[in-house]
Structures are given as C-alpha cells and as structure tokens.
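J.: Numbering (the working numbering), first residue to last: 59 to 548.
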C-alpha cells in the first residue's frame, strides 16, 4: 500500500533486477500482503542503485549468504543452501539444525510518525555450530584433479572416487565428476548435484569376485592354491559364461582366477559355495544395507534373496551381475579385507558441534587369516599377468581388483554401455590407504584396468607420501630392482 505508482516502480526496477515489468507489476499490485520480496540475494551495487531511485514503498533488507572459501572443493559433500540459509543438499541439509543459526527477536517502539524511539532485545540471535569432517583438503583436491583429467580423456556420464583409511573407516576424500559451484546451485545439472559415492547404484562386475572367493575361503571349500579346470565356457541353466579374453581350456589356481579375473573360475567357485551360503556371505559384507555413513539419501543397493533366484542366477551373482551396490559399500567391504576382517561404517564427521562423534566399532566378517590370503591374492591383480599390471607406485606394493560391468538395460545388458571400476589399497600387507574409483559409461575404452585403475594409481601416488606412509620392504625392493634393470647397458 506504500507503493504509490506500481507501474512506474516496475518500469524502473525491471532492468536492475533482470525481471520482467509484468512480473514485477503483479507483485507490486498485490495488496493481499503488506510485504513482499521482489528479488533475493541482490548484489550490493544493485541495491545501492535501487535505494537512490527513492521509490516510495521500495526498500532493501540486509541479508547474509553462504560463502565457500574453497570454491568447488567437495561441493557434493558439503552441499548447498537456499536463499534463507536452509540446507538443501549434502551435509548442509543433513546437519541443517546444527549448522543453521537461530534468529533473534527485537521489540521496536515507534512514534506516531513511524520513527523508532525504543529498541529492546527479547531473544538474542544464536550462531550456528561447527562441523569438523574427516576429509583432508589436500587429498580431496588431488582426487578431484585426477577425476577431472579422467573425464577429459573418457567423457563418462559420471565418475566418483573415495579415499579412506581402512583401519578406522575415516573418509579422506569423496569426489565426483561432474562437479558444480555450490554458490550457484541453480546452474548445476542433476548429475553434478548428486553425491555419486552414496547415491549411485550399479552392478559391480569383477570387483565383486573378491567376496565370492572370501566366502569360499571362509567355508574352507578352497585355498589360494586350489586348482580348477576352466573350460572355455560354462553353462548355468540358460546362461553361457565365458571369460573376457579368448582362451582355450586350462587349469588355474584360485589366486590366478582372481588375479586374471576369470568369469568361468569365479562362477565355478560360486557354485561350489552354493546359493544360500553365497547370499549369507554377501549380506555379511554389508551389501543390501546402507553403510551407515553420516550422509543423506544413501542408497542400499539390491541383493536378491535365494527365494528369488532363477536357475541361472548363480551364473551371474558370483561375477558381480544381477545385484547392485554403491561405491561406498564397495569401499567399506574392501576395507574389511584390508584391515584384517572388520567391517565398519565409513566415518565422515569427527566433531558434531561441540561433541566428538564416536568412531564406529565395527564387526568381524572374516578371519585375519582369510583377509591376509585375500590381500596376497589381490596383489596379483597388479603384478605381471594381472588385469591392472600397468599400474604401480614406486616403493609400494599395491593390491586391488578391476571391474568392467555391462550396464543393465531393458531386462538385459548393453553391449555399448559399461561401468569401469577399481578398488585397491596400499601397502598391500599393511594397508593404510584405500581408494575406490567408479566410472559410469566411459567413452572409447571401458575396461576397469585401463580407465579406473590408473586413476587409483595417481591418487595413491600422491596420498601415500602426503600421509607419510612409509614404503614397504617388498615394494622398495621391487622399485630398486626395476631401477637397476633400467640403468644397465646392452
């Protein structure tokens, strides 16, 4: 009612606020409320120009907005806020009540001319509390750089990397590509806003073979040296399974089956384990349940129960098809192999306001002996003849597993869309660093050993010395031998 000439005000304000005259006029002519925002988060120079127009009934109200000193760093983890400061995504949303300040209340007395004559504070404003994370800014930044480089080379739909300390479950980095500017969330795509580490489910493919082998080892059905005859293909009901690489019939040990990622071998091990025991071991590793990481919207994946198995299901599940997982579930489950058999909820928050957040205790899922056997076998993946043999970090022995999974479409599998992944840790026999890399629909090459494993190597190459993790004796000896060979003349 204080706006005497709505049309004139709309005409003067439209070019400054970048809003149409018609839209402004509708707001200005609306008499149902004595107050309405015409625009929010207007920059200071524009606000000053509006004040100088001296339009009756038009004023400016000071407001605050979230500033992100590190720019895009950990954007999906930190999340975004709305114009009123309320958390919308990420930890901003999950811990909004903790981070958000509480408005105060003042009582203002005006005289008959509307001038203030007295002001009293009824309730004082309260500042929001701090949240201290496990993330390391240096490792997070390097991880994001590696993913950005990967995206430039392979142009995937999305890519994510998780860096953890497998001993305690602390998440040191959780990065995504594409990313976005958290100060401008409205310009971000849905893919950029999503925290892929916890919100993306996929069929893991060969990275899942480690858990098939873990179950068989734990049930004392096999040892790393148990021999299996591997025909060129194997029939399970109506499904025919063969290896990715064409080969003739041969005999391999369990360790070789894992290192060379034989589908036929993994299915034979899974069939020996049987549907019920296989299902129980998969669930024991946490698949089918949220990991418990303190992050909103975590997916839990899908693990079909044996009652829903078809005749060919056990030709799929042991090689990581027919079930879905999240990257965080894979990182947590591999951490159990790395740390000696304890599955823990990943830890993202150290201090919640003024109170330290208790570290998760975890539960034993496999024996120390089984974990040690798996670590030894997973070294073979990065050794000559393994599926990631080109990846190395001088001075360190690495272990891990590649995965190349077809994307499920229309009840079948695509021949052109794949998820490339790698989960690995170092030093192999005393792991203090774990990295999981998942790349959705890379273009050009799509093998986990080519697309994802080198990203693991680049992240580990930075993080191991950065964290002052000492080289291991075996890795140092191998590096010295390689250097000696390189320096020798003809």
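Glycine residues also receive a C-beta, built at the ideal position from the N, C-alpha and C atoms. This one's a predicted model, so the numbers in the text were calculated from it and none came from an experiment.
With a cut-off of 8 angstroms on the beta carbons, I'd call residue 439 and residue 317 a contact; round off their distance for me.
T.: The pair is a contact, with the Cβ atoms about 5 angstroms apart (cut-off 8 angstroms).
J.: Could you work out which residue in 385, 377, 125 is closest to residue 254 when comparing CA atoms only?
T.: Of 385, 377, 125, the residue nearest in Cα terms is 385.
J.: By the three-class DSSP mapping on this structure, what secondary structure does residue 78 have?
T.: Here residue 78 sits in coil by DSSP.
J.: Between which two residues does the beta strand (DSSP E) carrying residue 297 extend?
T.: Residue 297 -> beta strand (DSSP E) spans 297 to 300.
J.: Determine whether the beta carbon atoms of residue 87 and residue 78 lie at a separation below 8 angstroms.
T.: Their beta carbons are not under 8 angstroms apart, which means residue 87 does not touch residue 78 by this criterion.
J.: Please name the residue in 354, 355, 372 whose C-alpha comes closest to that of residue 362.
T.: For the residues 354, 355, 372, the minimum Cα distance to residue 362 belongs to 372.
J.: Provide the residue span of the beta strand (DSSP E) that contains residue 338, from first to last.
T.: Not the beta strand (DSSP E): residue 338 falls in the alpha helix (DSSP H), residues 333 to 342.
J.: For residue 354 and residue 260, what's the separation of their Cα atoms in angstroms?
T.: So the alpha carbons of these two residues sit roughly 19 angstroms apart.
J.: Three Cβ pairs or more, each shorter than 8 angstroms: is that satisfied between the segment 512 to 520 and the segment 437 to 453?
T.: Yes: at least three Cβ pairs fall under 8 angstroms.
J.: I need the straight-line Cα distance from residue 132 to residue 471, nearest angstrom please.
T.: If you take the alpha carbons of residue 132 and residue 471, they lie about 33 angstroms apart.
J.: Determine the DSSP secondary structure at residue 428, reduced to helix, strand or coil.
T.: In the structure shown, residue 428 sits in a helix (DSSP, three-state: H, G or I).
J.: Could you check what DSSP says for residue 73 in three-state terms: helix, strand or coil?
T.: In this structure, residue 73 counts as helix in the three-state DSSP scheme.
J.: So what's residue 483 in DSSP terms, helix, strand or just coil?
T.: Reduced to three states, the DSSP call for residue 483 is strand.
J.: By Cβ distance below 6 angstroms, which residues in the same chain neighbour residue 549 in space, the five residues on each side in sequence not counted?
T.: Only positions 59 to 548 of the chain appear in the structure, and residue 549 is not among them; the question remains open.
J.: Please name the residue or residues paired with residue 360 in a DSSP beta bridge.
T.: Beta-bridge pairing links residue 360 to 382.
J.: Using the three-state DSSP reduction, which class does residue 62 fall into: helix, strand or coil?
T.: Correct three-state label for residue 62: coil.
J.: Thinking C-alpha only, which one of 421, 148, 428 is nearest residue 238?
T.: Measuring from the Cα of residue 238, the nearest candidate turns out to be 148.
J.: Whose CA, out of 412, 430, 97, lies closest to the CA of residue 281?
T.: Among 412, 430, 97, the Cα nearest to that of residue 281 belongs to 430.
J.: Note down, one range per segment and in chain order, each alpha helix (DSSP H) of at least 4 residues found wholly within the segment 468 to 541.
T.: For the segment 468 to 541, whole alpha helix (DSSP H) runs of length 4 or above, ordered along the chain, are 506 to 509, 511 to 524.
J.: Given a cut-off of 8 angstroms, decide if residue 391 and residue 350 are closer than it, judged by their beta-carbon atoms.
T.: For residue 350 and residue 391, no; Cβs fall outside 8 angstroms.
J.: I believe residue 105 touches residue 60 by the beta-carbon criterion, under 8 angstroms. Please report the beta-carbon distance rounded to the nearest angstrom.
T.: No, residue 105 and residue 60 are not in contact; Cβ-Cβ is about 18 angstroms, not under 8 angstroms.
J.: Could you tell me if the beta carbon of residue 235 falls within a distance shorter than 7 angstroms of some heavy atom in the ligand SAH?
T.: Ligands displayed in this structure: none; no statement on the ligand SAH is therefore possible.
J.: Residue range of the beta strand (DSSP E) that residue 349 falls in?
T.: Note, residue 349: premise wrong, no beta strand (DSSP E); not H, not E.
J.: Could you give the distance in angstroms between the alpha-carbon of residue 406 and the alpha-carbon of residue 240?
T.: Straight-line Cα distance between these residues: approximately 19 angstroms.
J.: Starting from residue 203, trace the alpha helix (DSSP H) in both directions and tell me its first and last residue.
T.: Run containing residue 203: 195 to 212, per the alpha helix (DSSP H) assignment.
J.: Could you tell me if residue 303 is buried or exposed, where buried requires 16 or more neighbouring beta carbons within 10 angstroms of its beta carbon?
T.: Classification for residue 303: exposed.
J.: Can you list, in chain order, the stretches of the beta strand (DSSP E) that have 3 or more residues and sit fully within the segment 205 to 257?
T.: Listed in chain order, they are 216 to 223, 228 to 235.
J.: If I follow the unbroken beta strand (DSSP E) through residue 407, where does it start and stop?
T.: Run containing residue 407: 407 to 410, per the beta strand (DSSP E) assignment.
J.: Secondary structure at residue 548, three-state DSSP: helix, strand or coil?
T.: Note that residue 548 scores 44 on pLDDT, short of 50, meaning its location in the model is unreliable; the coordinates nonetheless yield the value given after this. Reduced to three states, the DSSP call for residue 548 is coil.
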